[in-house]
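Participant:
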Amino acid sequence: MTRKPSLTTLRRSCQLFVALLFIVIPVLNRSDYSHVYGNYLSFHLFGIPLADPLAILQLTVKNLYLTIDNLVGVMLPLILAFLLGTVFCSWLCVYGLFSEWTHRLRHTIIRGKTAGAPTGNGSFLKTGPGERRNGFFVKLAVFTVGFVAFFLFSTTPVLNQLSTAAWYSRFFQYLFGQDVVSLGIFFPLGLLGLEFLTGKRLWCRFVCPQSVLIILVRQLNRKRLQVAFQPEKCICRPGHERCEKACTLALQPKTVGRTPEMECNNCGDCVVACRKMGRALAFESPFTPAAPIMAHIRHAFSLPVRFRRPLLLALAIVVSGLLLATVLHQRPPAIRHDAPEPQVLLTRFADETYVLDISLPDPKGEIKKILSQGEAITTQVMLSNAKVWRLNPQALVSVGKPPPLPVKTVLTLLYHEGDRRTITLTTGTVTDRSGTAYEDPWF
Amino acid sequence: MLRTILAIFTGSPENKFLRPPGARAEKEFLSRCLQCGQCAQVCIFDCIRMRRGFDVFTAGTPEINPKEAPCHLCLRCSAICPSDALMDVPIEKVRMGTARLDRKKCYTWTEFLLCRSCYERCPIKWRAMKLERGEYPVIIEEACAGCGLCEHVCPANAIVVTPTRFQEGREPDSAA
């Protein structure tokens, strides 16, 4: 007995993986791991560049200049969109994940109160048959206005600030890279709150300017992967279609194949919902033979049920263990500076002049500054002189009579990395140089 | 005006930061910077920071504050910048800013102490910083990369690095 892994499971895992990736990357980078870095605007994956098409468009328009790195980076997502549709939105975008969760959360809460409220039935933003493609045109209008405003008033790619996914990844860049809690996270959070209140996926459907370009590129390919409907298989009562309830974008999946549906991002929720009914909806593309490939993949993943649970559990444990291990292990090792051994010399010169001489080797140049404090020390700062720090000038501890022993000094070492370390020195031994007179070597 | 109000409102850090080595002239730099933060992530000295605050034109662009962490001129950031906002520049052509030494504060020039901290740390020693009469530090402004190491280590706070974008007539980095 085998069970096919649900498409939803695969998609959720992919989304979660990407969401976690952008949390883990800044932590890894902090510990000098640099094979994967960047955020949603531009990204490097083991040397493969990826970039946000809109960001690159803004740069190119303003500078009439395109680097190879950016060109490759922008081609990869566009080719993906050309072949498979806007799967970026449904499989990779973090905001899409949170938006879907918000949508689901709202509907689990609302369902308790008003049973069976159909989706997409709000008073405004109504999605009737005639208004199906409104969302994209609102989006296009927003995009055009935004782009014209950028072109006229700005030199920086200012539309980047509208990328909710970039704000998500940037939040973790700030948090783990710079130990700063960025308030920018309130932008996507506020939008999610708004979507929760209205019950619509407002940003994804009506605003998100980052998706416009990939939608346009997708439209170029008529034979892309898309949802196809076979009317003879449909067994749902009209008006009670499961596929329409499943669609978080409030579309009518049955019409996707026939009319140019601009908003569908190939998430496959309707296909999964229809599997329980008549299997009238399926992914289909004359260009890419999707169905056999998908069947093959599903076959490869299918396992007897009694193995599936333990295997998945083991896999989850291994993956999370690895993740934890990398994070814990790769953390920058606690800076272990070789404990410097200060040399303290209390010297007695002629006519009972007692001089304290402190020097501290620093061969690697790790120390930024040394503050010294003591009973007889006049200057606070020790100065660097070719890999050795010296109390400078030497401290005259007492003149005319022996000082009360032991003489105590506290050194505070400030390292370049921001560490500080305190050393307390006491000396009770006096070196006798009373044959020579005291002469300050610096003056 | 709007920016000033925003800066007051959000308490964003002050304006006297440096751009990373290899940065183009400020306006061109801003129009090319993707705000992706890869330079900050690749910096092993953690000196490049992504700019904070709610100024939509500069938020997310890289900055270096030499008082907190100076640039060590390893040039990893300019090597990886995907959009060439930071160019590949040889180390002697980097012009992030200019260090200025206030002789009235410097321990050596005021003859308070003999200090060579700045000279010891300068990565372009003897070209960008010399010791006059073997003791007194002098900054050669034409050769100074403006990395800010001397500002970082100066015990008397006598050195301040002025970013290139605030200096009339000073050339920014040119491509190799």
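Line by line, the protein sequences give chains A and B. Oh and the first sequence: position 443 is 443 in the numbering used here, straight run, nothing missing. One gets the numbering used here by counting positions in the second sequence from 1 and adding 443 to each. From the three backbone atoms N, C-alpha and C, an ideal C-beta is built for every residue, glycine too.
Is the beta carbon of B:GLU584 within less than 8 Å of some heavy atom of the ligand MG?
Facilitator: The ligand MG is not part of the structure shown, which contains no ligands of any sort.
Participant: Looking at the unbroken alpha helix (DSSP H) that takes in A:GLU417, where does it start and where does it end?
Facilitator: Taken as a continuous stretch (DSSP letters only), A:GLU417 belongs to no alpha helix (DSSP H), as it is neither H nor E.
Participant: Sorted by chain position, which residues of the same chain lie with C-beta nearer than 7 Å to A:ASN29's C-beta, five sequence neighbours on each side aside?
Facilitator: Excluding sequence positions up to five before and after A:ASN29, its CB lies within less than 7 Å of the CB of TYR37 and GLY177, all in the same chain and listed in chain order.
Participant: Report yes if the CB atom of B:PRO606 is closer than 9 Å to the CB atom of B:CYS520, and no otherwise.
Facilitator: no
Participant: What whole-angstrom Cβ distance do B:THR541 and B:GLU511 have, given they're in contact under 8 Å?
Facilitator: With a Cβ gap of about 19 Å, B:THR541 and B:GLU511 do not count as contacting.
Participant: Closer than 7 Å, Cβ to Cβ, to anything on chain B: give me those residues from the region 158-192 of chain A, in chain order.
Facilitator: VAL158, ASN160, GLN161, ARG170, GLN173, TYR174, GLY177, GLN178, VAL180 and SER182
Participant: If you draw a straight line from the C-alpha of A:GLY128 to the C-alpha of A:ILE235, how long is it?
Facilitator: With a pLDDT of 47 at A:GLY128, under the threshold of 50, the modelled position of that residue is not reliable, and no figure is offered here.
Participant: Tell me, please, which residues DSSP counts as bridged to A:HIS44.
Facilitator: A:TYR37 and A:PRO49
Participant: If you compare alpha carbons, which of A:LEU162, A:VAL344, A:LYS233 and A:ASN266 is closest to A:GLN226?
Facilitator: A:ASN266
Participant: Just tell me which of A:LEU7, A:THR86, A:ALA350 and A:LYS139 has its CA closest to the CA of A:ASN221.
Facilitator: A:THR86
Participant: Chain B beta carbons: is any one of them nearer than 9 Å to that of A:PHE17?
Facilitator: no
Participant: Would DSSP call A:GLY128 helix, strand or coil?
Facilitator: With a pLDDT of 47 at A:GLY128, under the threshold of 50, the modelled position of this residue cannot be trusted, and the question is left open.
Participant: Between the Cα of B:PRO513 and the Cα atoms of B:TYR579, B:ILE582, B:LEU461 and B:PHE609, which residue gives the shortest distance?
Facilitator: B:LEU461
Participant: Can you have a look at A:SER6 and say buried or exposed, based on whether 16 or more other CB atoms are within 10 angstroms of its CB?
Facilitator: Classification for A:SER6: exposed.
Participant: Tell me the start and end of each unbroken alpha helix (DSSP H) in the region 574-614 of chain B that is at least 4 residues and wholly inside, in chain order.
Facilitator: 592-596
Participant: Between which residues of its own chain and A:ILE56 is the CB-CB distance below 6 Å, once the five residues before and five after are set aside?
Facilitator: Cβ contact annotation for A:ILE56 (same chain, cutoff 6 Å, sequence separation greater than five): ASN70 and VAL74, in chain order.
Participant: Can you name the residues of chain B whose CB is closer than 7 Å to the CB of A:TYR37?
Facilitator: GLN481, GLN484 and VAL485
Participant: For chain A, find out if any of its Cβ atoms is closer than 9 Å to the Cβ of B:ASP527; answer yes or no.
Facilitator: yes
Participant: Of the residues A:GLY268, A:LEU162 and A:ARG11, which one's Cα is nearest the Cα of A:PHE283?
Facilitator: A:GLY268
Participant: With distances taken Cα to Cα, identify the nearest neighbour of A:PRO342 among A:PHE229, A:THR422 and A:LEU313.
Facilitator: Comparing Cα positions, the closest option is A:THR422.
Participant: Please report the Cβ distance between A:PRO209 and A:TYR95, rounded to the nearest whole angstrom; I am assuming they are in contact, meaning their Cβ atoms lie under 8 Å.
Facilitator: Not confirmed; about 13 Å, so no contact.
Participant: Tell me the rounded alpha-carbon separation between A:THR424 and B:ALA588.
Facilitator: 39 Å
Participant: Going by DSSP in three states, B:ILE491 sits in which element: helix, strand or coil?
Facilitator: Residue state for B:ILE491 is assigned as strand, using DSSP reduced to three classes.
Participant: Tell me, please, whether the region 395-402 of chain A touches the region 350-359 of chain A by the rule of three or more beta-carbon pairs shorter than 8 Å.
Facilitator: yes
Participant: Strictly below 7 Å CB to CB, what residues from chain B border A:PRO363?
Facilitator: Within chain B, no residue comes near A:PRO363; the closest Cβ sits about 12 Å away, beyond 7 Å.
Participant: Based on Cα-Cα distance, which residue from A:THR436, A:SER42, A:GLU375 and A:PRO26 lies nearest to A:LEU175?
Facilitator: Relative to the Cα of A:LEU175, the nearest Cα in the group A:THR436, A:SER42, A:GLU375 and A:PRO26 belongs to A:PRO26.
Participant: Check whether the Cβ atoms of B:TYR550 and B:PRO598 lie closer than 9 Å to each other.
Facilitator: yes
Participant: Step through the CB atoms of chain B and report whether any lies within less than 9 Å of the CB of A:ASP32.
Facilitator: yes
Participant: Verify the CB distance criterion: does B:THR553 have a CB-CB separation below 9 Å to chain A?
Facilitator: no
Participant: Counting only the same chain and skipping the five closest in sequence on each side, list residues whose C-beta sits under 6 Å from that of B:ASN508.
Facilitator: PHE460
Participant: Let me know if A:PRO406 comes out buried or exposed under the rule of 16 or more other beta-carbons within 10 Å of its beta-carbon.
Facilitator: exposed
Participant: Span of the beta strand (DSSP E) holding A:TYR354?
Facilitator: DSSP places A:TYR354 in the uninterrupted beta strand (DSSP E) bounded by 353-361.
Participant: Spell out whether any CB of chain A is found under 9 Å from the CB atom of B:GLN478.
Facilitator: It does: the Cβ of B:GLN478 has a partner Cβ on chain A nearer than 9 Å.
Participant: A:GLU375 and A:THR409: beta carbons closer than 9 Å?
Facilitator: yes
Participant: Name the chain A residues that come within less than 7 Å of B:VAL499, Cβ to Cβ?
Facilitator: In chain order: VAL158 and GLN161.
Participant: Return the residue from the list A:ALA19, A:TRP389 and A:SER320 that minimises the CA-CA distance to A:THR164.
Facilitator: Closest by alpha carbon: A:ALA19.
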